[in-house]
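Chemist: My questions will all concern the structure given below.
Protein chains: 4
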Amino acid sequence: MSLKKSVDPLVLINFKTYLEATGKRAVDLSKRISVACRESGVSVALAPQFCDIAQVAAEVDVPVFAQHIDAIVPGASTGHILADSVKAAGADGAILNHSERTIRISEIEAAVLRAREVGLTTVVCAGSADSAAALSMIQPDMVAIEPPELIGTGRAVSKEKPEVVTDSVKKIRAVNRSVKILCGAGISTGDDLYAALNLGAEGVILASGVVKSPRPETVILGFCEAVRRFNESNVGRHS
Amino acid sequence: MSLKKSVDPLVLINFKTYLEATGKRAVDLSKRISVACRESGVSVALAPQFCDIAQVAAEVDVPVFAQHIDAIVPGASTGHILADSVKAAGADGAILNHSERTIRISEIEAAVLRAREVGLTTVVCAGSADSAAALSMIQPDMVAIEPPELIGTGRAVSKEKPEVVTDSVKKIRAVNRSVKILCGAGISTGDDLYAALNLGAEGVILASGVVKSPRPETVILGFCEAVRRFNESNVGRHS
Amino acid sequence: MSLKKSVDPLVLINFKTYLEATGKRAVDLSKRISVACRESGVSVALAPQFCDIAQVAAEVDVPVFAQHIDAIVPGASTGHILADSVKAAGADGAILNHSERTIRISEIEAAVLRAREVGLTTVVCAGSADSAAALSMIQPDMVAIEPPELIGTGRAVSKEKPEVVTDSVKKIRAVNRSVKILCGAGISTGDDLYAALNLGAEGVILASGVVKSPRPETVILGFCEAVRRFNESNVGRHS
Amino acid sequence: MSLKKSVDPLVLINFKTYLEATGKRAVDLSKRISVACRESGVSVALAPQFCDIAQVAAEVDVPVFAQHIDAIVPGASTGHILADSVKAAGADGAILNHSERTIRISEIEAAVLRAREVGLTTVVCAGSADSAAALSMIQPDMVAIEPPELIGTGRAVSKEKPEVVTDSVKKIRAVNRSVKILCGAGISTGDDLYAALNLGAEGVILASGVVKSPRPETVILGFCEAVRRFNESNVGRHS
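Protein chains in written order, with this note's numbering: chain A, 1 to 239; chain B, 1001 to 1239; chain C, 2001 to 2239; chain D, 3001 to 3239.
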């Protein structure tokens, strides 16, 4: 399930440490999302908590991401997250430097290398256009720009601060032509995703918009509809 | 499987982030240890990596510990370890403040409370007799004294620095009569455990001594033999 | 200027990183406080920012504390706070583990030792009665209990949460008979100090109550009056 | 004393937390260096410990750097390093993200902005060519590439790993044409500086090579000689 080569817009759903997405409920939510996106065609990935990776990966047929990995090699690192361990549990990728789990740049660099070694796709998060561009030079597979002040607000970055997305895309593309660019913070509807794609983002990262929704399937279907709309409106451009 | 009331010596085996105890190998090792200690009678607990907790807990009939939990409540804490999550995965307890994953005292306090709320037994680690006594005032279920300079050396604390163990026991008991006292660092044989018990410890914490052993069963049987020897030599004292 | 043996109530004024107490303004404020407390008799100590220690210590005749020191020995520790350096600048003591600058318990232990080596008095802060008692076992010269939820609120711990102070005093005294006990959070008037002393505290730690006051001298004189009142009301008890 | 516009090679001497450069000895060393470089013409800057900034800045006529500043605004940040405070003490600049004091990229960004606000020149350190280029996108005044494995070894980066310097220069210049590029780790002689300049670096950062030297003046004079040699060998190139 290679995420790296995919040209489809990506919707990465971060389960954070929400109780609604812990243990059995993480597996149930994953199944509902998986069914909805199978029917809809949108490209979705899930980031459950570490303890739930194995069962989520076993039960659903979508890419699974760890929410973090540490910049460590196998050995004496009690309580840390080893890339080899999340890979063995079935993860396909790892989020790095999320605004709720920031790490040093030397650690981002080392963790990206470790992820590559074991075959994990990496999404490195950044809070500003400058740092997103900076971190894209570390050569992760994807960069996600998330203005921290909008995270968890329900006000979508792609509508509230479109200039942050366009500025990020411009600055990132000046130094890295191939990294996949996501945006996040406040994303919860298809319209938010549609706006993001129109700004040049190639996907979104979101959490409560799906996890806290009483009808996650409906949210997913909204994303699907947005991708279809976007593809149709762009079909003439590349032909 | 209540660990709190047990009067038996405890052998807590920390899998750290060793490749020999990651993924499928964590499950295999757990099974081998579980079989050996079922035959032998010694009280063993296992601390695999987070991603392996669910499967280890599902496969073996010994208590399972997380190697760490964060001092967080459910919510927006991407990449952190939620007590509820490790509990849901099947863990019975959690190690806190291991020398390879130290946290602030306010975090130890909050994490002990969170663990109690969700029903996890806690082992708080300390590097000196004074800090072990200090941390026993936070009211964890167990305190483990581990001089950092001996960790991973193969030179057992109970033989190399017996005075650290006796001093810890004395200082801890002056302020907390019920906390279970473990010691660790360099423990790898039954003799090391026997020495620890004679110094007043009620169990040990160890890692490479079992995880890196070509014959973990033999190590476990050595611990069993040590406990039997200790019980016999003490049988007259309490009658 | 030995603080350790003093039986007088202590008022420790933390300058934090307030602009009103930075650079020249730190020196001016220190002089005004120093003059006021010379006239009044109350025992005051000042904790300016690191860059201001030398000049404050040179200009005023009251004990000066660093707001933090690191648990390091001299050497290659760029950007860290060396005990020997704050001592050489003229500091008499150091605050450790303030709620705005918490450190690990192993670091508190090492920093207390380093402070003792170079001749600095230590005040270790704690956010709860249990952790205050725990940290008093590390043998600092003083312990300060500061409930984090009241810091900076102007609502004094000694009035809003008197039970936290009495509980702390009880628990600390059970394990350490000589450590000087301070309390803090929201202290800004003589009445707050008077209440604190009546609860068994031997001093207070405060910041904005003095630093942000348009008339710091008046606040200091209020503290002086409170100490006099407290001494008079207790004069019969010990005779 | 604007460092930003200077085209001269810079020698930035980091005093770290060496006892040889603490308190009175920091001031003495600064004076000796200052006299030597006044005679020699080389452009030198000094980075003493925080407590020594004020006196060093008062006594010598060379630029002074703080070894670190925190990404904070004035307020309630006990024990932290405020940009305004080091500026008020007389500092001209600040080192950020030294390998012994690494910070998160969001903190580097915020600290660079704070430094600019108060008028401090910034040197951001990085451990690899990629991260040096990445951090140059944050728009600091200078970037210093220091391979951590060579720091403190006495084996100069410009001789042991010249490709790291050239690679850094190339990658940094691709994204930032004006940032001043320093290199460091193991630099201790004029030859090391000469090699660095020939690789495209515009200065060096060093510590023990001067601080621990019995004759710091001699080391400085060696640097001066190296700069003169470099200038002469390049005089024809630009005419």
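We treat Cβ as the ideally placed atom computed from N, Cα and C, and that holds for glycine.
(1) For B/R1101, decide whether its Cβ has a neighbour in chain C, counting only Cβ atoms nearer than 7 angstroms.
(2) Can you tell me which of the three DSSP states D/N3014 falls into?
(3) Could you spell out where the alpha helix (DSSP H) holding A/V157 opens and where it closes?
(4) Do B/I1053 and B/D1070 have their C-beta atoms within less than 7 angstroms of each other?
(5) Between the C-alpha atoms of C/L2211 and C/G2154, what's the straight-line distance to the nearest angstrom?
(6) So, is the C-beta of D/A3134 closer than 7 angstroms to a C-beta in chain A?
(7) Would you please state the rounded distance, in angstroms, between the beta carbons of C/A2036 and C/F2065? I believe it to be under 8 angstroms.
(8) Using 7 angstroms as the threshold, is the C-beta distance between B/I1145 and B/A1132 below it?
(9) Grab the span of the alpha helix (DSSP H) containing B/C1087 for me, first residue to last.
(10) Judging by CA-CA distance, which residue of A/S128, A/I108, A/G93 and A/D191 is the nearest neighbour of A/T166?
(11) Output, in chain order, the set of chain D residues within a Cβ distance shorter than 9 angstroms of C/K2024.
(12) Out of A/L10, A/G184, A/T17 and A/L29, which has the shortest C-alpha to C-alpha gap to A/S213?
(13) Measuring only between beta-carbons, confirm whether B/L1082 sits less than 7 angstroms from chain A.
(14) At the 7 angstroms Cβ level, is C/V2183 part of the contact set with chain D, yes or no?
(15) Looking at the C-beta of B/F1050, does it have a partner C-beta in chain A at a distance below 7 angstroms?
(16) For B/Q1067 and A/S178, what's the separation of their Cα atoms in angstroms?
(17) With 7 angstroms as the threshold, decide whether the Cβ of A/D130 is near any Cβ in chain D.
(18) According to DSSP, is A/S2 part of a helix, a strand, or is it coil?
(19) Taking 7 angstroms as the threshold (C-beta atoms), are C/G2203 and C/L2182 in contact?
(20) Identify the continuous beta strand (DSSP E) that holds B/R1022 and give its terminal residues.
(21) Out of A/K24, A/A45 and A/R32, which has the shortest C-alpha to C-alpha gap to A/N14?
(22) Hey, could you find the ends of the beta strand (DSSP E) A/I120 is sitting in?
(23) Please state whether the Cβ-Cβ distance between B/A1094 and B/V1118 is less than 7 angstroms.
(24) Check whether the stretch 1106-1113 of chain B and the stretch 91-110 of chain A are in contact - that is, three or more C-beta pairs closer than 8 angstroms.
(25) Would you please verify whether the beta carbon of A/G97 is less than 7 angstroms from any beta carbon of chain B?
(26) Straight-line CA distance for D/S3158 to D/I3187?
(27) Could I get the ranges of all uninterrupted alpha helix (DSSP H) runs contained in the stretch 2028-2110 of chain C, with 4 residues as the minimum, in chain order?
(28) Comparing the C-beta of C/G2186 with each C-beta of chain B, is any distance below 7 angstroms?
(29) Which same chain residues, not among the five before or five after B/N1176, have their C-beta less than 7 angstroms away from its C-beta?
(30) Compare the Cα-Cα distances from A/C51 to each of B/A1089, B/E1059, B/K1031 and B/T1017 and report the closest residue.
(31) Report the three-state DSSP secondary structure of D/I3145 (helix, strand or coil).
(32) Note down, one range per segment and in chain order, each alpha helix (DSSP H) of at least 4 residues found wholly within the stretch 1162-1213 of chain B.
(33) Among C/L2019, C/V2143 and C/V2086, which one has its Cα closest to the Cα of D/K3024?
(34) Can you name the start and end residues of the alpha helix (DSSP H) that A/G222 belongs to?
(35) Tell me C/V2124's beta-bridge partners as DSSP assigns them.
(36) Less than 7 angstroms separating the beta-carbons of C/K2161 and C/P2147?
Modeler: This is what the structure holds:
(1) Output row for B/R1101: interface = no.
(2) Here D/N3014 sits in strand by DSSP.
(3) It spans V157 to E160 - the alpha helix (DSSP H) in which A/V157 sits, taken as one unbroken run.
(4) Result no, Cβ atoms of B/I1053 and B/D1070 do not sit closer than 7 angstroms.
(5) Reading off the sequence, residue 2211 of chain C comes out as Val, not Leu. In this structure, the straight-line span from the alpha carbon of C/V2211 to that of C/G2154 is close to 13 angstroms.
(6) Among the CB atoms of chain A, one or more fall inside 7 angstroms of the CB of D/A3134.
(7) Actually they do not touch by this definition, with Cβ atoms about 18 angstroms apart.
(8) In contact: B/I1145 and B/A1132 (Cβ atoms closer than 7 angstroms).
(9) The question names Cys, but residue 1087 of chain B is Lys in the sequence shown. Run containing B/K1087: A1083 to A1088, per the alpha helix (DSSP H) assignment.
(10) Each of A/S128, A/I108, A/G93 and A/D191 was checked against the Cα of A/T166, and the nearest Cα belongs to A/S128.
(11) The contacting residues are A3088.
(12) Closest in C-alpha terms to A/S213, from the list A/L10, A/G184, A/T17 and A/L29, comes A/L29.
(13) So, interface residue.
(14) One detail in the question is off: residue 2183 of chain C reads as Cys in this sequence, not Val. Judged by the 7 angstroms Cβ criterion, C/C2183 is not in contact with chain D.
(15) Yes, its Cβ sits closer than 7 angstroms to a Cβ of chain A.
(16) For B/Q1067 and A/S178, the gap between their C-alpha atoms comes out near 38 angstroms.
(17) Chain D, which has a Cβ nearer than 7 angstroms to the Cβ of A/D130, makes this yes.
(18) Caution applies to A/S2, whose pLDDT of 47 falls short of 50 and renders its modelled position unreliable; the value that the coordinates give is listed next. Three-state DSSP puts A/S2 in coil, outside helix and strand.
(19) Yes, these two residues count as a Cβ contact at 7 angstroms.
(20) At residue 1022 of chain B the sequence reads Thr, which differs from the Arg that was named. No beta strand (DSSP E) contains B/T1022, which DSSP labels as neither H nor E.
(21) It is A/A45 whose Cα lies nearest to the Cα of A/N14.
(22) Note on residue identity: the sequence assigns Leu, not Ile, to residue 120 of chain A. Element bounds for A/L120: n/a, residue is neither H nor E.
(23) For B/A1094 and B/V1118, no; Cβs fall outside 7 angstroms.
(24) Result no; under three Cβ-Cβ pairs closer than 8 angstroms.
(25) For the sequence presented, residue 97 of chain A should be read as Asn rather than Gly. With 7 angstroms as the cut-off, A/N97 does not count as an interface residue toward chain B.
(26) One C-alpha to the other measures close to 8 angstroms.
(27) The qualifying runs are 2050-2059 and 2083-2088.
(28) No - not a single Cβ of chain B is within 7 angstroms of the one on C/G2186.
(29) Apart from the 5 residues on each side of it in sequence, B/N1176 sits with its Cβ closer than 7 angstroms to the Cβ of S1136 and M1137 in its chain, given in chain order.
(30) Taking each of B/A1089, B/E1059, B/K1031 and B/T1017 in turn and checking the Cα distance to A/C51, the smallest one comes out for B/A1089.
(31) Strand, per DSSP.
(32) List check, alpha helix (DSSP H) in window: 1162-1175, 1190-1198 and 1208-1211.
(33) Among C/L2019, C/V2143 and C/V2086, the Cα nearest to that of D/K3024 is on C/V2086.
(34) Segment P216 to N234, the alpha helix (DSSP H) holding A/G222.
(35) DSSP, once it has assigned bridges, lists C/L2096 and C/V2143 as partnering C/V2124.
(36) Yes; because the gap between Cβ atoms is below 7 angstroms, this pair is in contact.
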